[in-house]
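Following our numbering, the numbering of the sequence shown begins with 5 at its first residue and continues without gaps.
I have placed the structure first, in the form of structure tokens, so that the comments after it can refer back to it.
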Amino acid sequence: MKLGILLKSIIEESKALIKSRDFINVHRIGNSFSRSRKLSFTDLFYFIINSTKKSLSINYSQFKMDFPELKLQIVSKQAISKARQGISHEAFHELFDLSVNKYYELNTNFKKWNGFNIYSVNGSTVQVPNSEENLKIFGTNPNQYNKNGALASVSVLYDVMNDIIVDAEFSRYRSNERESAKNHIKKL
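The structure is reproduced here in structure tokens:
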């Protein structure tokens, strides 16, 4: 299957998933998005996956210009931040898994080495936003000034021949890399 057709199919399936009532109900936290608001679950989800490293207000303004068909109202950055807390991180995992699964399901031009799939696993340490919650979940390591910043271990499973990330995992700082690799293998 040609790459353009493959990507179009993945995007269409992703849009259908994000708009589905089941997806919204499973991934909204508590009673978030149960009433009609200025920023719906679907619009906020699109905004999050479209955002860059710019400020919330710049990203939102750009998002409104890029997607005028959504007819988004003006909302404060505090409202966006609060609304983001109403979406479970598992929603992003599900969307990622859908895109990877569709890639392998629809792609007929897999590259292999002597008939084998070649995967690599790589781990690293990354800084995550410094909050009490992240310090509890991920852990920390004092820097040279004895200040604690939230750190996480990240591990990625990569299909070397087809240039695609197959799985990724964030875990507690200094987690066992072999356990992460075992978790990746379960995804294959």
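Just so you know, even glycine gets a beta-carbon here, dropped at the ideal spot from N, CA and C.
Cutting at 6 Å between CB atoms, please list the residues of its own chain near residue i, excluding the five before and the five after it.
{"i": "Ser124", "result": "Tyr162, Val164"}
{"i": "Pro146", "result": "Asn152"}
{"i": "Glu211", "result": "Look at the range of the chain in this structure, 5 to 192, and you will see that residue 211 is not part of it."}
Let's see if you can read the secondary structure: which residues bound the beta strand (DSSP E) around residue i?
{"i": "Asp167", "result": "That residue, Asp167, is in no beta strand (DSSP E); it is neither H nor E in DSSP."}
{"i": "Tyr50", "result": "Note, Tyr50: premise wrong, no beta strand (DSSP E); alpha helix (DSSP H) at 45 to 54."}
{"i": "Tyr64", "result": "It is not in any beta strand (DSSP E) - Tyr64 instead sits in the alpha helix (DSSP H) that spans 60 to 70."}
{"i": "Gln131", "result": "123 to 131"}
Residue j and residue i - do their beta-carbons sit closer together than 8 Å?
{"i": "Leu155", "j": "Phe142", "result": "yes"}
{"i": "Val104", "j": "Asn126", "result": "no"}
{"i": "Ile33", "j": "Ile91", "result": "yes"}
With a threshold of 7 Å on Cβ separation, who are the neighbours of residue i within its own chain once the five nearest residues in sequence on each side are excluded?
{"i": "Lys106", "result": "Ser13, Ile14, Glu17"}
{"i": "Thr56", "result": "Asn63"}
Based on Cα-Cα distance, which residue from the options lies nearest to residue i?
{"i": "Ser179", "options": "Glu136, Leu21, Val130, Arg41", "result": "Val130"}
{"i": "Pro133", "options": "Thr144, Gly127, Arg182", "result": "Thr144"}
{"i": "Asp101", "options": "Arg39, Pro72, Lys190", "result": "Lys190"}
{"i": "Glu94", "options": "Phe27, Tyr108, Lys81", "result": "Phe27"}
{"i": "Gly8", "options": "Leu110, Phe67, Gln89, Ile53", "result": "Leu110"}
{"i": "Arg41", "options": "Val30, Lys6, Gln77, Pro72", "result": "Gln77"}
{"i": "Phe37", "options": "Leu192, Ser184, Ala87, Asn118", "result": "Ala87"}
{"i": "Tyr108", "options": "Val170, Ser135, Val79", "result": "Val170"}
{"i": "Ser128", "options": "Lys19, Ala185, Arg25", "result": "Ala185"}
For residue i, report the span of its alpha helix (DSSP H) as first-last.
{"i": "Ser157", "result": "Taken as a continuous stretch (DSSP letters only), Ser157 belongs to no alpha helix (DSSP H), being part of the beta strand (DSSP E) at 155 to 163."}
{"i": "Ser38", "result": "Here Ser38 belongs to no alpha helix (DSSP H), and DSSP marks it neither H nor E."}
{"i": "Arg194", "result": "For the chain, the structure presents residues 5 to 192; residue 194 sits outside this window and is missing."}
{"i": "His188", "result": "181 to 191"}
{"i": "His97", "result": "94 to 110"}
{"i": "Gln77", "result": "Gln77 -> no alpha helix (DSSP H), and no H or E assigned at all."}
{"i": "Phe142", "result": "136 to 142"}
Between residue i and residue j, which are expected to be in contact by the criterion C-beta below 8 Å, what is the C-beta distance as a whole number of angstroms?
{"i": "Asn166", "j": "Phe114", "result": "6 Å"}
{"i": "Arg182", "j": "Ser157", "result": "Contact flag wrong, Cβ pair sits at about 12 Å."}
{"i": "Phe67", "j": "Asn54", "result": "6 Å"}
Using C-beta distances below 8 Å, list every residue in its chain close to residue i, excluding the 5 sequence neighbours before and after it, in chain order.
{"i": "Ile84", "result": "Leu43, Leu48, Phe51, Leu60, Tyr64"}
{"i": "Leu74", "result": "Asp47, Tyr50, Lys68"}
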